[in-house]
Amino acid sequence: MRCRDETREKWRSDLESRIAQSSFGKARVSKVPCQIERRVAASHSLAGLFDQDDVIQRMFDSSVKAVNRERHENEELSNVYLVSEANEIDTDLYEVSTKVCELLDMGIVGIFGPQEKVTAEYVQSICDTMEIPHISVREDPSELSEPRGLSLNLYPHVSSLSRIYDQLVTEFKWKSFAILYENTDSLIRLHLLLKRWDPHGNSAFVYHLGSGPNYRRAMQEIKASEIENIIIDCSYDILSDVLTQAQQVGILSDKNQVIVTSLDLQTLDLKPYQYSGVNFTGLRLIDPEDLIVQRTLDKHKNEWGLDDPSKLRVEFALMYDAVQLFARAFKQLKDAIKGDVKKLPCDGSARWEHGLSLSNFMRLTETRGLSGFVKFDRDGLRSNIQLDVVRLTESGLVKIGVWNSTAGNKIDWIPETGTKKKNFDTDLSLQNKTFIILISLTHPYGMQKESSTILSGNDRYEGFGVDIIERISKILGFNYTLQVEAQTGSENPITGKWSGMLGKLMNDEADMAISDLTITSERESVVDFTNPFMNLGISILYQKPRKTPPSLFSFLSPFSSDVWIYLIGAYIIVSLLFFIIGRLCPAEWNNPYPCIEEAEELENQFTFKNAFWFAIGAIMQQGSEIAPIGISTRMMAGCWWFFCLIMVSSYTANLAAFLTVETVVSPFDNVEELAKKKGAIKYGAKRKGSTLFFFRDSDYPLYKEMYKYMTENEAEVLPEFNDVAINKVKMENYAFLMESSSIEYTVERECNVTQVGGLLDEKGYGIAMKKHSPYRHHFNTALLKLSESGIITELKKKWWQEKRGGGKCHENGGGGSADELGLDNVGGVFVVLSVGAVLSCVYTIFELLWDVARTSIRENVVFKEELINEVKFILKCSSSKPTRRRNGTSSKSENNSTRECTPPYGFIPTVITTSPTDDK
Ligand code: GLU
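Heads up: the sequence shown at position 500 corresponds to 799 in our numbering, and the numbers run straight through without jumps.
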């Protein structure tokens, strides 16, 4: 760019000398010392220099206004407030420099325009020196090498345009053709065509249009040489005249094939040529059928005085897009750095230190505008340019093909009978297409990357959704630009309009959306979803149950109260049984003094007190001095000891668990219990999210009631973002109805919250795209591939458990809980005890009857009488028993019982009793 450097140097010396002379310059230089910084208010001035059409100025103004209007709704423009400083200028360079100096002195953030070549280059040089971004929207064929400095041109670069002209000629298989050109700029634009000449038949004939206004001479020469294929390249200003004269001369007849290079061809009235039979091909950058074009025009038609999108000229549209692009880049600059605008004195001594960054942000920003996808390559040239190839037919201009600058030199032709349906078919290949994909900054689906350097473009974002899109783009071969949109989107019940991501998809402001976007029937009616890439359901996020304060009676915890009651009952019953069986069992009646052979009385160790003491001794694992003698009492004791062994072991084991494991209390275990708390615990869901709408649309009365509660307390319980809700859960007595996948993510990182209860429903997240999108099938197939190869699971593991603090709560989270032992756990021991007790009783009764029978035979008394006597004695509850006399009466001195019960401790006392009758 030698020419630019020379211009800059020229400008610098020129300006310095002029400033030195002019009173304006003196005043400025003395009044504004070098590098004085002035902080301006939140608004930032954007200068526009306009030298031609006032429509372009109106475009500039309305685009600035649109930015200011949208800054509250559009995340990409938030906090950007621009003031337009539109200035009309003419071609006098001194006046231009004065104007620019004034603007720089005010403190501006960028200069747009002018359109005229010399003044534009002059302004560009000033801007390069002061490091103020300069944006132009004019075709500049002289700019063959890459543009440098801080200037950016939104007009497709001549190197791209020359490729499509060359490709058209190749596709039309023209061997020889004539180029009707206006000036050297035209030849630069068509330089690839000029190179086509070769000695073996390819011939290009070049005809200069002349200085006008009569261009017929060159045309007549073409006609005379009978060249049928013609390329017309001239400026928009004379295009209409040139075409009229070409028709007059007769080179727009049915024999001719004509290519017009102007991208503004469609704005001309082409009716006069519609029926001439000429094969007339042109190109257009602005698609009048594009929804963004139609909507923008709809919004501004009064300001622009234009209501037909096909009449929108390229430079005008580019000016609108340029301001939009600038505003987006400026927002990023503001986010990245703290600095502000500087007042720059016009002596060339100061520079705006952020100008270069701003210019770089512009190069890295991608957006969709009136001129299609606005994006720049590494050299700062516009990339991903999509041009429609149009053909003039009797019904006007018809799109016959599409050329994309990144898709190689290929034109996608639309079949002649092309209808809208056919159009879709040609669009089906995703290779090299560029999509705008919406993400929301909801962890972990989309997040701002943490980095010490300033990132730009797609690099700024990461997350589960971002990774999925990246993988799909590799499979399908498309390019994409991520855009942030905070809200998933819902329908405004009054206007019927959709907001957020879904609104943008419907308005064609974006192609796809990936986030925690739930597939619902309501949404499916306005957009298309891919198959779900993740399944989930609604559940509750709430504080982890707190530890119960240590209880004074925590030793009771190992057994449920039922078991304690049964245990006490068992103890009492068993003690009584010992007492009864002890009395019934003859073997338990023993001579208390073994050395006295003829004891007067027999004693029973199982007195009432002893029975209870024996039983408690066993429970306490201490034993007692009492030892059962009879088989039945031993049987009973064995059962009781077994019972005690199991019960005590269970108690000890469970007590240890209770003491080491925290016992927790949860105020509710499911959504029904939460609802029944009637607001004692506040609960809510994400505002305008599908979870809230689930409660709204449910037929279950309880859920409807919950929805009513939530909407009535909207301000308090319906947060806009998940992180606000999570904080609320942590700090307040608040339960958040959240989707299980997000709960899972949260509980990995927030150790004092947890999921309560199961899932209320089952649903999934999908990628949303415009209704009837031809890409849905491709995306479904790609998603299936990802899921079959385990990549989605892998990504889920990465974003849920590993990245951004995942797995933090695993160490502390492992604590289980100990449950008290219920009857189900220890019931068997009670059964064993009961069966043992019953058998002991039966056996005791058998023993008693046997003993009574033997005594009655021996003593020769009636069995019944003996039995009644025995029972009477038992019922007396006496602890000693007189020994039995031979004649059947009982006497303290006449006991001659020779019972065969085993005496205590294995000692068999010999008790000889002599009855008085024997003595006789
Ligand atoms: N996934 C929900 C949606 O698409 C947002 C979160 C929620 O409602 O819980 O709206």
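The beta carbon of each residue, even a glycine, is placed where N, CA and C say it ideally should be.
- In the DSSP annotation of this structure, the continuous segment of the beta strand (DSSP E) that includes residue 698 starts and ends at 695-703.
- When DSSP states are grouped into helix, strand and coil, residue 496 belongs to the coil group.
- Going by DSSP, residue 778 is part of the beta strand (DSSP E) stretching over 778-783.
- Within its own chain, the residues whose Cβ lies closer than 6 Å to the Cβ of residue 757, once the five positions on either side in sequence are excluded, are 781, listed in chain order.
- The beta carbon of residue 838 sits closer than 8 Å to the beta carbons of 1036, 1037, 1038, 1039, 1042, 1054, 1055, 1056, 1057, 1058 and 1059 from its chain, once the five residues preceding and following it are set aside; these are given in chain order.
- Contact between the segment 645-652 and the segment 561-573 is not established, with fewer than three Cβ pairs separated by less than 8 Å.
- Assigned with DSSP and collapsed to three states, residue 621 falls in helix.
- Spatial neighbours of residue 878 in its own chain (CB-CB distance under 6 Å, excluding positions within 5 residues in sequence) are listed in chain order as 905, 907 and 910.
- Relative to ligand 1, the nearest heavy atom lies less than 7 Å away from the CB of residue 985.
- Its chain contains 683, 705, 731, 732, 733, 734 and 772 as the residues whose beta carbon lies nearer than 8 Å to that of residue 778, once the 5 sequence neighbours on both sides are disregarded; these appear in chain order.
- In this structure, ligand 1 has no non-hydrogen atom nearer than 7 Å to the beta-carbon of residue 838.
- The C-alpha of residue 832 lies about 7 Å from the C-alpha of residue 1082.
- Here residue 530 is bridged, per DSSP, to 478 and 558.
- With respect to residue 760, residue 745 sits close: the two C-beta atoms are nearer than 8 Å.
- In the structure shown, residue 450 falls within a strand segment according to DSSP collapsed to helix, strand and coil.
- DSSP, reduced to helix, strand and coil, places residue 710 within a strand of the structure shown.
- Excluding sequence positions up to five before and after residue 828, its CB lies within less than 6 Å of the CB of 818, 1065 and 1067, all in the same chain and listed in chain order.
- For residue 1181, the enclosing beta strand (DSSP E) has its first and last residue at 1179-1181.
- Counted as a single uninterrupted DSSP element, the stretch harbouring residue 982 is not any alpha helix (DSSP H) but the beta strand (DSSP E) occupying residues 981-984.
- A check of alpha carbon separations from residue 667 across 641, 619 and 498 identifies 619 as the nearest.
- For residue 348, the enclosing beta strand (DSSP E) covers residues 342-349.
- At least one heavy atom of ligand 1 sits closer than 7 Å to the Cβ of residue 816.
- Here the alpha carbons of residue 1102 and residue 1021 stand approximately 18 Å from one another.
- Residues of the same chain with a CB within less than 6 Å of the CB of residue 689, apart from the 5 flanking positions on each side, are 581, 583, 696 and 698 in chain order.
- The count of Cβ pairs closer than 8 Å, one atom from the segment 1012-1021 and one from the segment 1069-1085, stays below three, leaving the stretches out of contact.
- When only Cα atoms are considered, residue 1167 and residue 853 end up about 51 Å apart.
- Note: residue 888 is bridge-paired with 903 in the DSSP secondary-structure output.
- At a cut-off of 7 Å, the beta-carbon of residue 988 counts as near ligand 1: some heavy atom of the ligand is closer than that.
- If you draw a straight line from the Cα of residue 981 to the Cα of residue 1010, it is about 12 Å long.
- At a cut-off of 7 Å, the beta-carbon of residue 991 counts as near ligand 1: some heavy atom of the ligand is closer than that.
- Straight-line measurement puts the Cα of residue 955 at about 44 Å from the Cα of residue 1146.
- Less than 8 Å divides the Cβ of residue 800 from the Cβ of residue 784.
- Excluding five sequence positions before and after residue 504, the CB atoms of its chain that fall closer than 8 Å to its own CB belong to 475, 476, 477, 478, 521, 524 and 526, given in chain order.
- Less than 8 Å divides the Cβ of residue 938 from the Cβ of residue 1135.
- Out of 390, 405, 408 and 440, the CA that lies nearest to the CA of residue 421 is found in 390.
- Residue environment for residue 366: buried (at least 16 other C-beta atoms within 10 angstroms of its C-beta).
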